[in-house]
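Participant:
Protein chains: 2
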Amino acid sequence: MAGPTTDRRLLRGEETRRAVLRRAVEIASVEGLEALSIGRLATDLGLSKSGVFAGFGSKEELQLATVRAARRIFADAVLAPVADIPPGLARARALCEGWLAYSRTRVFPGGCFFFEVTAEFDARPGPLRDALADSARTWHRIVEDTLAEARTAGALRPDTDLGDLAFGLIALLEAANSQAVLHEEDTPYQRAGRLLLRLLRAEATDPADPALA
Amino acid sequence: MAGPTTDRRLLRGEETRRAVLRRAVEIASVEGLEALSIGRLATDLGLSKSGVFAGFGSKEELQLATVRAARRIFADAVLAPVADIPPGLARARALCEGWLAYSRTRVFPGGCFFFEVTAEFDARPGPLRDALADSARTWHRIVEDTLAEARTAGALRPDTDLGDLAFGLIALLEAANSQAVLHEEDTPYQRAGRLLLRLLRAEATDPADPALA
DNA sequence: AAACTGAACGAACGATCGTGCTAACATCTC
DNA sequence: GAGATGTTAGCACGATCGTTCGTTCAGTTT
Chain A
1 MAGPTTDRRL LRGEETRRAV LRRAVEIASV EGLEALSIGR LATDLGLSKS GVFAGFGSKE
61 ELQLATVRAA RRIFADAVLA PVADIPPGLA RARALCEGWL AYSRTRVFPG GCFFFEVTAE
121 FDARPGPLRD ALADSARTWH RIVEDTLAEA RTAGALRPDT DLGDLAFGLI ALLEAANSQA
181 VLHEEDTPYQ RAGRLLLRLL RAEATDPADP ALA
Chain B
1 MAGPTTDRRL LRGEETRRAV LRRAVEIASV EGLEALSIGR LATDLGLSKS GVFAGFGSKE
61 ELQLATVRAA RRIFADAVLA PVADIPPGLA RARALCEGWL AYSRTRVFPG GCFFFEVTAE
121 FDARPGPLRD ALADSARTWH RIVEDTLAEA RTAGALRPDT DLGDLAFGLI ALLEAANSQA
181 VLHEEDTPYQ RAGRLLLRLL RAEATDPADP ALA
């Protein structure tokens with residue numbers, strides 16, 4: 001019964017909402033979620049201010065919807081590609097390299113969307129920070145779970161601290177994004193690529209594992 | 001001749017400028033440099049909007065002055081304490097631990113000032129980004145130079161890639177700051193502490209060096 | 001004492017912000 | 001057809017933004 005509606009009024013509304021969010025994630029990844037203004041989105045898209053506003057009900061709801069939209073884009077760009085790869089070291093490595101590519105190719109024009117907006121809201125309690133903290137936790141868990149699979153498969157040492165390892169890998173990815181965007185350089189990505197391989201090798205049962213070549 | 005002026009009019013102006021900047025770095029470390037508003041600073045400090053404005057000439061100049069003020073605070077909190085420590089591995093480690101303490105003790109209420117505002121401006125060309133890129137480069141160079149001293153002293157292996165090592169260390173520090181502030185946890189600092197020791201040990205000529213105990 | 005300098009104030013400017021209202025219009029349900 | 005429902009536009013609101021201007025007053029210089 002439920003299923004996707006066929007009501008063309010609702011469909012049109014959803015369509016403009018999507019258009020708004022498409023632009024919103026772009027702006028937010030460069031200038032932050034506070035720089036999102038309803039009037040600006042309206043002008044950019046040739047809509048009326050109240051039209052944009054009506055689609056979300058409040059500025060905060062627009063911001064939250066923007067975060068959700070960014071999560072979908074992130075999942076498509078980083079998570080989906082590694083789904084085919086069998087669990088293990090190779091998948092763990094591909095996940096990291098995929099993230100670097102996601103930053104490097106500017107899936108969001110300002111680099112990683114979440115790096116930008118999390119720094120913006122990490123010290124400001126509220127629904128926005130909660131949503132971003134949840135996103136961060138989810139991402140962290142994905143990395144850790146991927147590493148756990150590799151350990152179960154026997155590719156990582158049994159005494160490896162998965163929390164520390166995930167933390168180290170994510171630290172390298174974010175630092176690469178940050179410095180690459182700031183200085184418009186490619187070197188940070190190369191450094192991160194080398195260092196994350198070293199980190200994985202140090203915990204691998206077989207440092208010569210072909211997945212770490 | 002030149003020297004610090006004794007003109008009490010100028011001194012008073014400098015004093016209020018300092019008061020404004022003291023509040024400005026607090027706000028910016030939590031909400032970013034765009035959230036700095038002249039009216040708000042004026043109300044917070046019991047001054048008039050035009051009074052605050054006059055002290056800086058433009059909003060952008062106020063933001064730039066805020067960055068400079070933050071650099072001084074950072075230097076006092078992180079750089080000055082390690083000046084006493086003789087060059088070598090011990091100083092390198094102390095620099096990292098000092099940075100973690102600087103973040104942990106909330107020298108700026110929103111965690112590292114530069115992490116917050118660099119994410120805000122890293123994709124927006126202009127004087128602000130230039131100033132922040134310069135700050136980042138300076139800090140990076142300090143870490144690298146400190147490591148270079150340690151290598152000259154024979155504590156680090158001759159083939160160590162100092163750029164990579166500095167990148168790795170800084171990545172750990174910033175990730176710790178980011179996650180600790182976002183989730184209001186202490187664990188990230190502990191993870192960073194453990195991992196940076198491992199990173200240093202891996203490059204040390206003597207992994208059992210007492211400076212890495 | 002007169003002339004000058006610099007900090008700070010108060011009032012006003014045009015612009016933009018988020019947010020309400022009401023009306024026009026398309027689309028669905030009956 | 002009539003009536004309900006949902007999207008979008010137009011207009012106005014109070015608030016706040018950065019900035020300008022003229023004035024006041026403390027302090028320096030001559």
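For the record, the sequence lines run as chains A and B. Per full-length UniProt numbering, the first sequence runs over residues 1 to 213. Per full-length UniProt numbering, the second sequence runs over residues 1 to 213. For every residue, glycine included, the Cβ atom is placed at its ideal position computed from N, Cα and C. These numbers come from a predicted model, not from an experiment.
Got a sec: is the Cβ-Cβ distance from B:R191 to anything in chain A below 7 Å?
Facilitator: Chain A, which has a Cβ nearer than 7 Å to the Cβ of B:R191, makes this yes.
Participant: Mind listing the chain A neighbours of B:L172? Cutoff is C-beta to C-beta under 9 Å, in chain order.
Facilitator: F167, G168, A171, L172, A175, listed in chain order.
Participant: What does a CB cutoff of less than 7 Å around B:R93 pick up in its chain, not counting 5 residues either side in sequence?
Facilitator: Contacts found: L200, A211, L212.
Participant: Considering only residues of the same chain and omitting the five flanking positions on each side of A:L95, which have a CB-CB separation below 6 Å?
Facilitator: Cβ neighbours of A:L95 beyond the five flanking positions: V82, T146.
Participant: Find out if the Cβ-Cβ distance for the pair A:L172, A:A192 is shorter than 7 Å.
Facilitator: Contact flag set, yes.
Participant: Have a look at A:V25 and A:R68 and give me their C-alpha separation to the nearest angstrom.
Facilitator: Rounded to the nearest angstrom, the two C-alpha atoms are 10 Å apart.
Participant: Measure the alpha-carbon distance for B:D44 versus A:P87 and round it to whole angstroms.
Facilitator: Whole-angstrom Cα-Cα distance: 55 Å.
Participant: Can you name the residues that DSSP bridges to A:L156?
Facilitator: In DSSP, A:L156 forms a bridge with A:A204.
Participant: On the criterion of 16 or more Cβ atoms from any shown chain inside 10 Å, does A:D122 qualify as buried, or is it exposed?
Facilitator: It counts as buried.
Participant: Within the 7 Å Cβ cut-off, does B:A133 reach chain A?
Facilitator: For B:A133, the answer is yes, since a Cβ of chain A falls inside 7 Å of its Cβ.
Participant: Under 7 Å between the Cβ atoms of A:G110 and B:E120?
Facilitator: Not closer than 7 Å, so no.
Participant: Just tell me which of B:E60, B:I170, B:Q179 has its CA closest to the CA of A:A175.
Facilitator: Closest by alpha carbon: B:I170.
Participant: Let me make sure I understand the geometry here. Which of B:L196, B:A90, B:F167 has the alpha-carbon closest to that of B:A150?
Facilitator: Here the closest residue by C-alpha is B:A90.
Participant: Rounded to whole angstroms, how far is the Cβ of A:T205 from the Cβ of A:A155, which I believe are closer than 8 Å?
Facilitator: Confirmed, Cβ separation roughly 6 Å.
Participant: Could you name the residues of chain A that B:V30 contacts, counting a contact when the two beta carbons are closer than 8 Å?
Facilitator: By Cβ distance, chain A contributes A123, R124.
Participant: Output, in chain order, the set of chain A residues within a Cβ distance shorter than 8 Å of B:D164.
Facilitator: Here the neighbours are R191, R194, L195.
Participant: Closer than 7 Å by C-beta to B:A19: which residues in its own chain qualify, once you throw out the five before and the five after it? Chain order, please.
Facilitator: L45.
Participant: Write down every uninterrupted run of the alpha helix (DSSP H) in the UniProt DNA-binding region "H-T-H motif" (37 to 56) of chain A whose length is 4 residues or greater and which is fully enclosed by it, in chain order.
Facilitator: If we require 4 residues or more, the alpha helix (DSSP H) runs fully inside the UniProt DNA-binding region "H-T-H motif" (37 to 56) of chain A come out as 38 to 45, 49 to 54.
Participant: Whole angstroms are fine: how far does the CA of A:S58 sit from the CA of A:L41?
Facilitator: So the alpha carbons of these two residues sit roughly 14 Å apart.
Participant: Three-state secondary structure (DSSP) at B:R191?
Facilitator: Helix.
Participant: Looking at chain B, is there any beta carbon in it that lies within less than 7 Å of the beta carbon of A:L182?
Facilitator: With 7 Å as the cut-off, A:L182 counts as an interface residue toward chain B.
Participant: At 8 Å on the CB atoms, spell out the chain B contacts of A:P188, in chain order.
Facilitator: Those within 8 Å of A:P188 in chain B are F167.
Participant: Assuming B:L132 and B:F115 make a contact with CB atoms under 8 Å, what is their CB distance in whole Å?
Facilitator: Wrong, their Cβ atoms sit about 10 Å apart, outside the cutoff.
Participant: Here's the rule I'm using: 16 or more other beta-carbon atoms within 10 Å means buried, otherwise exposed. How should A:T118 be labelled?
Facilitator: Buried, by the Cβ-count rule.
Participant: Within 10 angstroms of its Cβ, does A:T152 collect 16 or more other Cβ (buried), or is it exposed?
Facilitator: Exposed is the call here.
Participant: Helix or strand or just coil, what does DSSP make of B:A211?
Facilitator: Here B:A211 sits in helix by DSSP.
Participant: For the alpha helix (DSSP H) that contains B:A77, what are its first and last residues?
Facilitator: No alpha helix (DSSP H) contains B:A77, which DSSP labels as neither H nor E.
Participant: Identify the continuous alpha helix (DSSP H) that holds B:E31 and give its terminal residues.
Facilitator: Looking at the DSSP string, the run of the alpha helix (DSSP H) that includes B:E31 is 8 to 31.
Participant: Cα separation between residue 232 of chain B and B:E203?
Facilitator: Since the displayed chain B opens at 1 and closes at 213, residue 232 of chain B lies outside it and no answer follows.
Participant: Could you tell me the distance, in whole angstroms, from the CA atom of B:D84 to the CA atom of B:P4?
Facilitator: If I take the Cα positions, the gap works out to 28 Å.
Participant: Below 8 Å on the Cβ atoms is my guess for residue 253 of chain A versus A:I27; work out the distance and round it to an integer in Å.
Facilitator: Within the shown structure, residues of chain A are numbered from 1 to 213, placing residue 253 of chain A beyond reach of any answer.
Participant: Residues of chain A with a CB under 9 Å from the CB of B:A136: which are they?
Facilitator: Under the 9 Å cutoff, chain A gives S178, Q179, L182, H183.
Participant: Let me confirm a value: B:E188 is counted as buried when at least 16 other C-beta atoms fall within 10 Å, else exposed. Which label applies?
Facilitator: It should be noted that the sequence gives Pro, not Glu, for residue 188 of chain B. B:P188 comes out buried.
Participant: When the cut-off is 7 Å and only beta carbons count, does A:M1 lie next to chain B?
Facilitator: Caution applies to A:M1, whose pLDDT of 45 falls short of 50 and renders its modelled position unreliable; the model cannot decide the point.
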